[in-house]
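Participant: Supplied in structure tokens, the structure appears directly below.
Protein chains: 2
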Amino acid sequence: MSDEQPRRTRAEQRRESEARILAAARATFAELGYERTTIRNVASAAGVNAGLVMHYFGSKEELFSRAAKLPEEELPVGHPAEALLTSLRRRLDDEPVASLVVLRSVLTHAEASGEFRAAAATWLDRMSEAIPAADAGLRAALISAIINGVVIDRYLLKLSSLADAPADDVIALLRPCFESLAGETG
Amino acid sequence: MSDEQPRRTRAEQRRESEARILAAARATFAELGYERTTIRNVASAAGVNAGLVMHYFGSKEELFSRAAKLPEEELPVGHPAEALLTSLRRRLDDEPVASLVVLRSVLTHAEASGEFRAAAATWLDRMSEAIPAADAGLRAALISAIINGVVIDRYLLKLSSLADAPADDVIALLRPCFESLAGETG
DNA sequence: GTGTTCATTGAACAACCGTAGAACGAATCC
DNA sequence: GGATTCGTTCTACGGTTGTTCAATGAACAC
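The listed protein sequences derive, respectively, from chains A and B.
For any residue, its number in my numbering is found by taking its place in the first sequence, counting from 1, and adding 756.
For any residue, its number in my numbering is found by taking its place in the second sequence, counting from 1, and adding 756.
Here it is, written out as structure tokens:
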């Protein structure tokens, strides 16, 4: 029982607490959105006092920023439609909490909207370049809208038909859409 | 100038105020979502006192219920894909505030989620029946997800590529998608 | 005209929010 | 050792929120 020394060095303590707070923040923001999550809420989920959250993250806004940082999404290469399907599969398989944080708050919180807009912009640019059509921008935007709609309905609204379906079926049905929009059939 | 008598009968006054409050509520909920909308906010937008809003609507929750009532959407008849495109065109043309109220709040407010779920359920049922495929339910859900994603990106997030595009272009690009999902090409 | 109804206001309450800062105690440094 | 840093908690403040309720004055019934 007391074999291992507790190893509660201050640096460790700090890192652990900060990580626990950040994890709790991500979970809470993803479940409740920006407005309904409170500092006290996050603190109690992390098992610490609310003051500590403020002390480490400065403000609720800053806490959200840190929790909402999206991991750099490397876009697969290859034919656009195929790359998109791979990208979609990743999002359907992982149910990435990080992106749910942003999605859940994006309709009501300005900064979430900004974060999302920025991420979407670079994504759209890269995608547009790969689409051989005059209206590539619009096509890419539609593809992005489709992906967002599917993720929202599946993971946030949990509409049964979509939430229960295997990712493979979803992808198979969406394949012709992506091919058509990515301009590979015309 | 003073030709017409002011006609401020009590019944009229009441109806007018209630209508003005409801309109202000719809606009505010659609712009800010449920949480960030305050009773005082709505009241001041309607040019009345906050107490009056409570007196007429009882609670913020009730006010939201009344503001979020979606108009019965009569589904056009005909080939599914064609009917869907007509339905989509209506939503793209009108920019219906009523549905934005629900959409804006649907990710953070439980009742909005319920209202949306109910409306979506009947919509999905009717749409499933019109799709001749074993996985009609999933197909209908994907179509619904696409429409939601497009409306959200266009009117709520106002992503430029989609917000600026003519409705006709959007519909033209989406037509193959709907045809493929509605099972009319296979 | 007189008494009643009722649309509307203003002030207040309790609860909760984000946030700040003092206080405690254990790890750290010399 | 003692002094000090620092992780952590406690308490409190000012502001906002949904909500209540008494007060006011104009429309109404008779």
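Idealized CB from N, CA, C, for every residue including glycine.
Note that the structure is predicted; figures quoted are calculated from it, not measured.
Which chain A residues are close to GLN855/B, counting only those with a beta carbon under 9 Å from its beta carbon?
Facilitator: Strictly speaking, residue 855/B in this sequence is Ser, with Gln absent from that position. Neighbours of SER855/B on chain A: none; closest Cβ ~13 Å, over 9 Å.
Participant: Take the Cβ of ASP881/A as the centre, count every other Cβ of all protein chains shown within 10 Å, and call the residue buried at 16 or more, exposed below.
Facilitator: ASP881/A is exposed by the Cβ-count criterion.
Participant: Roughly how many whole angstroms lie between the Cα atoms of ALA877/A and ARG771/B?
Facilitator: Distance between the alpha carbons of ALA877/A and ARG771/B: 46 Å.
Participant: For ILE902/A, which option in LYS914/A, ASP891/A, VAL926/A, PRO888/A has the closest C-alpha, if you only look at C-alpha atoms?
Facilitator: Comparing Cα-Cα distances from ILE902/A to each of LYS914/A, ASP891/A, VAL926/A, PRO888/A, the minimum goes to VAL926/A.
Participant: Report the rounded CA-to-CA distance for ASP850/B versus GLU787/A, giving the unit in angstroms.
Facilitator: Each residue's alpha carbon lies about 32 Å from the other.
Participant: Pull up the CB-CB distance for ILE887/B and GLY834/B, whole angstroms please, since I reckon it's below 8 Å.
Facilitator: At roughly 13 Å, the Cβ-Cβ gap does not stay under 8 Å, so ILE887/B and GLY834/B are not in contact.
Participant: DSSP state of ASP759/A, grouped into three classes?
Facilitator: Annotation note: pLDDT 38 at ASP759/A (below 50); position unreliable, coordinate value reported separately. In the structure shown, ASP759/A sits in coil (DSSP, three-state: anything other than H, G, I, E or B).
Participant: Using a Cβ-Cβ cut-off of 9 Å, state whether GLY834/B counts as contacting chain A.
Facilitator: False, the Cβ-Cβ gap to chain A never drops below 9 Å.
Participant: Counting only beta-carbon atoms, is THR864/A nearer than 9 Å to chain B?
Facilitator: Yes, because at least one Cβ of chain B sits closer than 9 Å to the Cβ of THR864/A.
Participant: Hey, does PRO888/A have any beta-carbon neighbour from chain B nearer than 9 Å?
Facilitator: It does not: the Cβ of PRO888/A has no partner Cβ on chain B nearer than 9 Å.
Participant: Does ASP759/A come within less than 9 Å of chain B when only Cβ atoms are used?
Facilitator: Confidence at ASP759/A is low in this model, with a pLDDT of 38, below 50, so its placement is unreliable and the value that follows should be read with caution. Judged by the 9 Å Cβ criterion, ASP759/A is not in contact with chain B.
Participant: For the 8 Å Cβ check, are there 3 or more pairs between the stretch 910-924 of chain B and the stretch 893-900 of chain B?
Facilitator: Not touching, per the Cβ criterion.
Participant: Can you check whether the C-beta of ALA923/B is within less than 9 Å of a C-beta belonging to chain A?
Facilitator: No, its Cβ sits nowhere closer than 9 Å to a Cβ of chain A.
Participant: Rounded to the nearest angstrom, what separates ARG910/B and SER916/B at their Cα positions?
Facilitator: Rounded to the nearest angstrom, the two C-alpha atoms are 8 Å apart.
Participant: In whole angstroms, give me the CA-to-CA distance for CYS933/A and ALA824/B.
Facilitator: Straight-line Cα distance between these residues: approximately 32 Å.
Participant: Would you mind stating whether PHE820/A and HIS865/A have Cβ atoms separated by less than 9 Å?
Facilitator: In contact: PHE820/A and HIS865/A (Cβ atoms closer than 9 Å).
Participant: Which same chain residues, not among the five before or five after ASN904/A, have their C-beta less than 8 Å away from its C-beta?
Facilitator: Closer than 8 Å at the Cβ level, and outside the excluded window around ASN904/A, lie LEU859.
Participant: Leaving out five residues before and five after ASN805/B in sequence, what residues of the same chain have Cβ atoms less than 7 Å from its Cβ?
Facilitator: Only ALA799 meet the Cβ criterion.
Participant: Starting from ASP924/B, trace the alpha helix (DSSP H) both ways and give me its first and last residue.
Facilitator: Run containing ASP924/B: 923-937, per the alpha helix (DSSP H) assignment.
Participant: Contact defined as beta carbons within less than 8 Å: I believe LEU930/A pairs with LEU898/B. What is the distance between those atoms, to the nearest angstrom?
Facilitator: The pair is a contact, with the Cβ atoms about 7 Å apart (cut-off 8 Å).
Participant: What's the C-alpha gap between ALA874/B and ARG766/A?
Facilitator: Looking at the two C-alpha atoms, the distance is approximately 52 Å.
Participant: For the stretch 789-814 of chain A, which residues have a CB atom closer than 7 Å to at least one CB atom of chain B, in sequence order?
Facilitator: So the close ones are GLY789, GLU791, ARG792.
Participant: Since ASN805/A is in the alpha helix (DSSP H), which residue starts that stretch and which ends it?
Facilitator: Element bounds for ASN805/A: n/a, residue is neither H nor E.
Participant: Looking only at its own chain, which residues have a Cβ that is under 7 Å from the Cβ of VAL857/B, when we skip the five neighbours before and after it?
Facilitator: Cβ neighbours of VAL857/B beyond the five flanking positions: ARG782, PHE785, ALA786, ALA823, ALA824.
Participant: Using a Cβ cut-off of 8 Å, which residues of the stretch 879-903 of chain B contact any Cβ in chain A, in chain order?
Facilitator: Of all residues in the stretch 879-903 of chain B, LEU880, ASP891, GLY893, LEU894, ARG895, ALA896, ALA897, LEU898, SER900, ALA901, ILE902, ILE903 have a Cβ within less than 8 Å of some Cβ in chain A.
Participant: For ASN797/B and GLU817/B, what's the separation of their Cα atoms in angstroms?
Facilitator: Taking the straight line from one Cα to the other gives about 15 Å.
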